[in-house]
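What follows is a set of notes on a single structure, which appears directly below.
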């Protein structure tokens, strides 16, 4: 079976410069790379006799035009490929009328026969190796090296330069896309009520290091009069724009619900019902807390999320793990979610987070939680901002982790 290949598209996509000549040495096709290498347009090359389109620079050494012509005629006469290694052939300078640019090439001329077996076309691959000729590496190629070995060295040098350029472009694109992703995520995580808690709440968001895209972790803080406010963190399965869109809808829904129903369990019940209607929301996790500053009580409920930690001023820790239920949308039928309360003392710190902060490959969740509480025990006297940074550093995720991380630190 013959593959259905668009060879014009193939040659236009390849980074190597190619052109096709007929038996009169008239240019019939040039690919994009050839145009970029020579600085010419298709109209300046196609349909032109090769040595009119790219004339010889008079007075150049080594009879460069004769060498190139001889190679092309050799291919026409013998029907066999011919290679020119480190061949100098200057080209007219675009910005200097009558001037020329010094260029060195590694050229391969390959014949294509017609139905009668005679040469019908010549394919020229022309690698610009000028940089190689002026490099220190070229000066190391003594007469002990064969012409073929010199040509291989020039070709490898050209490929290495191309790969280096492509790598730089990819790195720049990676940095731009990552910055766009982080900026988008920060916009989606905008929390106006945080402006009222600059002294007692610190938040952090770190995108996954393995993903260029926005992710599904989120946090929220909502003021509820009188003397109460709520906080939440959540995690949508997956990465990318779809996960981020689902995250945005769940976060907005829960933020609206808690304003009307200031009960964490009931708010998560409503969110669970809503999650069933969203593609990609099933198995998302969330934990919601309501902080009553007058009674100094934390009321909470969790939908399959890692438990928040209450850090006391003496360095001891308590897990908020007494009201945990399956993730959002996991049940086929509605079941009331559990809710629990835990008193706190002024100066205590509540830490909420997503699993990227603590979970490690092949490690039990109990070991992960033990490492978290041990890291927290060392920071009971730190401010929320200091504790957030110290926690990321002590858990070795300050530069990011394999999963995205959302972190909320609340000084009560």
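In our numbering, the protein residues as written are 53 to 464. Just so you know, even glycine gets a beta-carbon here, dropped at the ideal spot from N, CA and C.
Give me whichever residues DSSP pairs with residue i in a beta bridge.
i	result
residue 139	157
residue 127	Paired residues: none, contrary to the question.
residue 254	461
residue 71	82, 176
residue 183	Answer is none; residue 183 lacks a bridge partner.
residue 276	280
residue 164	173
residue 152	144
residue 376	354
residue 134	161
residue 269	287
Buried or exposed for residue i, please, with buried defined as at least 16 other CB atoms from any protein chain shown within 10 angstroms of its CB.
i	result
residue 104	exposed
residue 198	The predicted model places residue 198 with a pLDDT of 49, which falls under 50 and marks its position as unreliable, so this point remains unresolved.
residue 90	buried
residue 102	buried
residue 60	exposed
residue 271	buried
residue 321	buried
residue 196	No answer about residue 196 holds up, because its pLDDT of 47 lies below 50 and its placement is not dependable.
residue 277	exposed
residue 348	exposed
Just curious, the alpha helix (DSSP H) that residue i is in, first and last residue?
i	result
residue 441	436-446
residue 398	Neither: residue 398 is in no alpha helix (DSSP H) and is coded neither H nor E.
residue 420	417-429
residue 97	94-97
residue 60	59-65
residue 104	102-105
Note down the Cα distance separating residue i from residue j, rounded to an integer number of angstroms.
i	j	result
residue 57	residue 94	23 Å
residue 426	residue 258	22 Å
residue 194	residue 137	Low local confidence applies: a pLDDT of 46 at residue 194 is under 50, so the model's placement there is unreliable, with the coordinate-based value given in what follows. Taking the straight line from one Cα to the other gives about 14 Å.
residue 260	residue 394	32 Å
residue 391	residue 286	17 Å
residue 417	residue 337	16 Å
residue 76	residue 295	60 Å
residue 178	residue 420	58 Å
residue 96	residue 224	33 Å
residue 166	residue 133	15 Å
residue 459	residue 440	8 Å
residue 282	residue 342	4 Å
residue 140	residue 157	6 Å
residue 363	residue 355	22 Å
residue 457	residue 382	23 Å
residue 357	residue 403	13 Å
Between which two residues does the beta strand (DSSP E) holding residue i run?
i	result
residue 180	171-180
residue 401	401-405
residue 394	392-395
residue 371	369-371
Go through the segment 279-365 residue by residue and report every complete run of the beta strand (DSSP E) that reaches 3 residues or more, in order. 280-291, 337-344, 349-355, 361-363
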